[in-house]
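Here you go:
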């Protein structure tokens with residue numbers, strides 16, 4: 326028996342074949358299954374999007390009937406074209422199935438469909454952009470070898486002996502975040518300890534559910550290594566292999582490894598840039614978007630989208646698809662300078678607003694330090710020097726030269742920024 330499948334492949338939005346393509350299969354496949362299919366003279370990666378109803382009884386004529394109906398309305402007058410000039414209609418079989426990989430979830434497919442529709446792109450363009458390109462070239466043996474993971478003890482508890490003491494604001498913010506299921510905007514001053522809030526929120530989610538996954542997004546690739554080091558140190562009981570990066574700066578092999586770890590549920594924490602919002606995470610329970618105001622979260626090439634907005638929508642999808650025993654999938658947006666869109670959402674009540682105005686280490690009203698060994702939290706003094714009142718032709722103002730000389734005398738360092746490229 327043949328089965329008729331709708332498969333999405335990477336095609337431009339305005340291509341004549343922008344929608345799902347129909348292929349045959351000798352065995353039934355679940356929607357979300359990754360397959361290799363022939364397309365012209367090439368073999369490309371595709372995702373089974375739909376199994377056509379009553380597929381075993383369909384005929385070629387039924388499948389192409391809508392196409393023929395449309396064609397008949399646009400044909401030239403009778404006799405203008407030879408009746409024998411058209412090619413025969415033929416539905417091709419899928420080339421192979423990527424065995425060993427679990428199908429992409431229904432939630433992931435809904436996210437891709439929403440992204441494609443809202444941002445006016447083709448299904449295949451969005452879906453395939455979210456998958457590592459090396460998947461197409463892997464043999465079954467290579468894929469099986471990459472999917473092998475060492476058995477780890479997931480029941481081991483986190484070491485809490487070296488955790489820093491939370492400030493009063495951090496304790497309050499974490500409690501407020503979990504008391505409300507709405508998306509949350511963490512409006513925290515620079516140095517107020519937002520990252521520690523992210524770490525504690527992730528720890529609580531992972532402790533409640535042994536299969537839960539957490540996605541933490543940052544706007545720039547160069548922020549990922551330092552964040553990864555901090556998460557690896559905090560969640561060392563999971564092992565470094567289960568805290569993975571996912572961004573465009575990885576090599577194809579590294580990106581494939583991280584994606585497979587996330588898709589299989591092996592990775593508990595995924596740290597990435599905007600592309601990570603479309604990663605396959607079957608057990609996603611928390612999304613964190615750090616520096617949510619940053620324009621880097623907007624994809625400007627190819628399939629365009631706002632990763633921040635998709636993170637909020639994805640949390641809604643993850644929550645709505647099934648009642649999870651450990652509660653809703655949560656989303657936390659953090660910034661010291663929130664975007665106008667997110668700020669307005671807190672005014673209208675769509676988002677909850679969590680505020681942290683004090684820097685970690687700032688003095689308390691009684692004059693005592695906020696925590697033992699904390700870095701002084703006082704903001705640096707900023708001075709504006711009017712160059713019109715300085716000696717002519719001076720590149721660096723005398724007050725600045727004097728301040729630099731003081732630092733040099735004390736063995737300290739100074740950093741000078743110039744408004745020129747390359748500095």
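Residue numbers (the numbering used here): 326 to 748.
By construction, the Cβ of each residue, glycine as well, lies at the ideal position given by its N, Cα and C atoms.
Owing to the predicted nature of the structure, the values given are computational and were not obtained by experimental measurement.
Can you check which of these residues, the options, is closest to residue i by C-alpha distance?
i, options, result
"residue 626", "426, 436, 444, 332", "444"
"residue 525", "492, 515, 722, 712", "492"
"residue 449", "620, 533, 357", "357"
"residue 464", "518, 553, 360", "360"
"residue 370", "720, 454, 739", "454"
"residue 520", "709, 559, 505", "559"
"residue 433", "622, 608, 670, 710", "608"
"residue 669", "509, 501, 415, 584", "509"
"residue 603", "617, 553, 341, 542", "542"
"residue 517", "354, 682, 350", "682"
"residue 634", "605, 742, 661, 665", "665"
"residue 618", "584, 663, 624", "663"
"residue 346", "421, 331, 355", "331"
"residue 610", "630, 584, 529", "529"
"residue 527", "557, 435, 544, 716", "557"
"residue 416", "372, 363, 708", "363"
"residue 742", "725, 735, 730", "725"
"residue 562", "339, 582, 535, 546", "535"
"residue 589", "429, 341, 333", "429"
"residue 684", "671, 673, 705, 503", "705"
"residue 545", "365, 506, 623, 554", "623"
"residue 678", "506, 431, 730", "506"
"residue 422", "504, 348, 727", "348"
"residue 431", "645, 667, 707, 672", "645"
If contacts are defined as beta-carbon pairs under 8 angstroms, then residue i and residue j qualify, I think. What distance do you get, rounded to the angstrom?
i, j, result
"residue 620", "residue 596", "Not confirmed; about 20 angstroms, so no contact."
"residue 598", "residue 573", "7 angstroms"
"residue 522", "residue 499", "6 angstroms"
"residue 538", "residue 642", "Their Cβ separation, rounded to whole angstroms, is 15 angstroms, which puts residue 538 and residue 642 out of contact at 8 angstroms."
"residue 441", "residue 540", "No, residue 441 and residue 540 are not in contact; Cβ-Cβ is about 21 angstroms, not under 8 angstroms."
"residue 419", "residue 350", "5 angstroms"
"residue 722", "residue 712", "6 angstroms"
Where does residue i fall in DSSP's three states?
i, result
"residue 509", "strand"
"residue 591", "coil"
"residue 340", "coil"
"residue 533", "helix"
"residue 525", "helix"
"residue 557", "helix"
"residue 570", "strand"
"residue 739", "coil"
"residue 371", "strand"
"residue 363", "strand"
"residue 421", "strand"
"residue 503", "helix"
"residue 690", "Caution applies to residue 690, whose pLDDT of 41 falls short of 50 and renders its modelled position unreliable; the value that the coordinates give is listed next. Coil, per DSSP."
"residue 390", "With a pLDDT of 45 at residue 390, under the threshold of 50, the modelled position of this residue cannot be trusted; read the value that follows with caution. If DSSP states are grouped into helix, strand and coil, residue 390 belongs with the helices."
"residue 347", "strand"
"residue 550", "helix"
"residue 491", "coil"
"residue 443", "helix"
"residue 459", "helix"
"residue 680", "strand"
"residue 542", "strand"
"residue 330", "strand"
"residue 733", "helix"
"residue 437", "helix"
"residue 466", "helix"
I'd like the list of long-range same chain contacts for residue i, defined as Cβ closer than 6 angstroms, with 5 residues on each side in sequence excluded.
i, result
"residue 377", "329"
"residue 567", "592, 593"
"residue 343", "336, 447"
"residue 577", "459"
"residue 656", "508, 612, 636, 637, 640"
"residue 580", "457"
"residue 659", "511, 519, 615"
"residue 586", "569, 592"
"residue 355", "428"
For residue i, which residues in the same chain have their Cβ closer than 8 angstroms to its Cβ, ignoring the five residues on either side in sequence?
i, result
"residue 732", "738, 739"
"residue 714", "none"
"residue 466", "none"
"residue 425", "465, 468, 469, 472"
"residue 407", "Note that residue 407 scores 48 on pLDDT, short of 50, meaning its location in the model is unreliable; the coordinates nonetheless yield the value given after this. Answer for residue 407: no residue qualifies."
"residue 436", "603, 635, 638, 639, 642"
Sorry if obvious, but does the Cβ on residue i come closer than 7 angstroms to a heavy atom of the ligand GDP?
i, result
"residue 746", "Ligands in the displayed structure: none, and consequently the ligand GDP is not present."
Which same chain residues, not among the five before or five after residue i, have their C-beta less than 7 angstroms away from its C-beta?
i, result
"residue 746", "none"
"residue 661", "513, 514, 515"
"residue 438", "448"
"residue 333", "345, 371, 372, 374, 448, 449, 452"
So, does the CB of residue i fall closer than 8 angstroms to a CB anywhere in chain D?
i, result
"residue 530", "Absent from the structure: chain D. Only one protein chain is present."
* Please go through the region 597-668 and give each complete beta strand (DSSP E) segment of 3 or more residues, from N-terminal end onward. => Positions of the beta strand (DSSP E) runs, each at least 3 residues long and wholly inside the region 597-668, are given as 609-615, 655-660 in order along the chain.
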